[in-house]
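Here is the structure we will look at, set down as structure tokens.
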Amino acid sequence: MGWKGKIRFFLHIPFPSPDVIAILLWLLDLLNGLFEHDLLGFHTQRYRQNFVDAMDHEVGDSWNDPHYGVGKRTVKVHKFPNDIVPGTSLDDAMASTTSVSIEFSLPNDDHHEIVVTVDRLDQAKGIPERLKAFERMLDRHANMRGRVTLVQVTQPSRCPVREYIEEREEVERLVGRVNGRCSDAGWVLIRYLYRFFAQTQLARFYHDSHLGMIAPLRDGVNLTAKEYVAAQVDDRGQTHTTPMGRLSGYTRRYLCRTPDVSDAGGRR
């Protein structure tokens, strides 16, 4: 008999612009499949509009915000921005976890910058590009040697998939190469952690760092940026984000226009 109830679909990734998605030979099949739902949700107004524009181009029927109609069928199309609920008390995190400086034996003073970045292992996060950027930063700003440490937290994702295995191997190769080239006996540039962490420990990482780096190559709504801001109760740190980091609505941030952050150290 089949399901007779309402079906809702939320896209957790960006919906491409019409000129990009138009290269798909099966685009019409994709749009028709999405149109089988009663409600479609997207992260942002831009992604919502991209879907509407793609429908206009490929199908060209009726748009009456927030309804899109094709023949006798009508679908609601909305944006649903993601957000966080800070369920982790920072007081609990501070009491139950060790500080970043103790965890990694780092100097606990204002002359040593701690940069924290937390990502899933995913090609869209731009982790290899970030590691290369830090290497380039030290080439350009030798005075930063010994004065900055990058804590790269990488959480496992899609472990059996070949492309993700290759991404992990590339990241770990770069960590070894950059550390071997840039570090010395008393200081290591990159502290690389490939595992899951409890939210309390992540909150402590965010709180203790001087800079939270959110620099994906492409992202929907990156909640790490908001988690970092939520941990800054004493205004200790700042965020460094690309436009793809999706920290809209916040003004206390350092905005880098491209994923190349290699010159960041020279501007502080």
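Positions in the sequence shown are counted from 1; adding 1 to them yields my numbering. For every residue, glycine included, the Cβ atom is placed at its ideal position computed from N, Cα and C. The structure displayed is predicted, hence computed values, not measured ones.
Rounding to the nearest angstrom, what Cα-Cα distance links residue i and residue j in this structure?
{"i": "D123", "j": "S158", "result": "7 angstroms"}
{"i": "E136", "j": "V53", "result": "42 angstroms"}
{"i": "F197", "j": "R169", "result": "15 angstroms"}
{"i": "D62", "j": "R163", "result": "41 angstroms"}
{"i": "V60", "j": "K133", "result": "44 angstroms"}
{"i": "H142", "j": "A199", "result": "35 angstroms"}
{"i": "L194", "j": "T150", "result": "13 angstroms"}
{"i": "H13", "j": "Q202", "result": "25 angstroms"}
{"i": "S184", "j": "P15", "result": "38 angstroms"}
{"i": "E167", "j": "Q153", "result": "18 angstroms"}
{"i": "R131", "j": "P67", "result": "39 angstroms"}
{"i": "N144", "j": "E173", "result": "26 angstroms"}
{"i": "R182", "j": "R192", "result": "14 angstroms"}
{"i": "F11", "j": "F36", "result": "12 angstroms"}
{"i": "S210", "j": "A231", "result": "13 angstroms"}
{"i": "P19", "j": "S102", "result": "47 angstroms"}
{"i": "V21", "j": "N223", "result": "22 angstroms"}
{"i": "Q239", "j": "Q233", "result": "8 angstroms"}
{"i": "W4", "j": "G34", "result": "16 angstroms"}
{"i": "A55", "j": "W64", "result": "12 angstroms"}
{"i": "E85", "j": "T225", "result": "In the sequence under discussion, the amino acid at residue 85 is Ile, which differs from the Glu named in the question. So the alpha carbons of these two residues sit roughly 9 angstroms apart."}
{"i": "G147", "j": "D236", "result": "24 angstroms"}
{"i": "P108", "j": "T242", "result": "25 angstroms"}
{"i": "H208", "j": "R47", "result": "32 angstroms"}
{"i": "Y69", "j": "N83", "result": "23 angstroms"}
{"i": "G6", "j": "L32", "result": "21 angstroms"}
{"i": "T155", "j": "P129", "result": "12 angstroms"}
{"i": "H44", "j": "D57", "result": "20 angstroms"}
{"i": "S100", "j": "A186", "result": "22 angstroms"}
{"i": "F105", "j": "V71", "result": "58 angstroms"}
Go ahead and label residue i buried or exposed: buried means 16 or more other beta carbons lie within 10 angstroms of its beta carbon, across all protein chains shown.
{"i": "A23", "result": "exposed"}
{"i": "N51", "result": "buried"}
{"i": "R205", "result": "buried"}
{"i": "G221", "result": "buried"}
{"i": "H112", "result": "exposed"}
{"i": "R268", "result": "Residue placement at R268 is flagged as unreliable, the pLDDT there being 44, under the threshold of 50; the coordinate-derived value follows with that caveat. R268 comes out exposed."}
{"i": "K227", "result": "buried"}
{"i": "R276", "result": "No information on residue 276 is available, as it lies outside the stretch 2 to 269 that the chain covers here."}
{"i": "I8", "result": "exposed"}
{"i": "I115", "result": "buried"}
{"i": "G127", "result": "buried"}
{"i": "V117", "result": "buried"}
According to DSSP, which residues form a beta bridge with residue i?
{"i": "I115", "result": "T150"}
{"i": "T201", "result": "DSSP output for T201 lists no bridge partner at all."}
{"i": "N65", "result": "H68"}
{"i": "I215", "result": "T242"}
{"i": "Y195", "result": "T155"}
{"i": "R9", "result": "L40"}
{"i": "R121", "result": "Q156"}
- Taking 8 angstroms as the threshold, find out whether the region 210-223 comes into contact with the region 173-187 through three or more Cβ pairs. Contact fails between the region 210-223 and the region 173-187, because fewer than three Cβ pairs, one in each stretch, are under 8 angstroms apart.
- When the Cβ atoms of the region 75-89 are set against those of the region 37-47, are three or more pairs found closer than 8 angstroms? Proximity of the region 75-89 to the region 37-47 meets the contact definition, three or more beta-carbon pairs being nearer than 8 angstroms.
- Segment contact, 8 angstroms Cβ cut-off, at least three pairs: the region 122-138 with the region 149-167: By the Cβ rule, the region 122-138 counts as touching the region 149-167, because three or more pairs are nearer than 8 angstroms.
- Taking 8 angstroms as the threshold, find out whether the region 92-106 comes into contact with the region 23-37 through three or more Cβ pairs. No: the two stretches stay apart, fewer than three of their Cβ pairs being nearer than 8 angstroms.
- Going along the chain, which unbroken runs of the alpha helix (DSSP H) with 4 or more residues stay wholly within the region 134-190? Counting only runs of 4+ residues, the alpha helix (DSSP H) found wholly inside the region 134-190 occupies 163-183, in chain order.
- Please go through the region 11-86 and give each complete beta strand (DSSP E) segment of 3 or more residues, from N-terminal end onward. As far as the region 11-86 is concerned, its whole beta strand (DSSP E) runs of at least 3 residues are 40-43, 63-65, 68-71 and 74-80.
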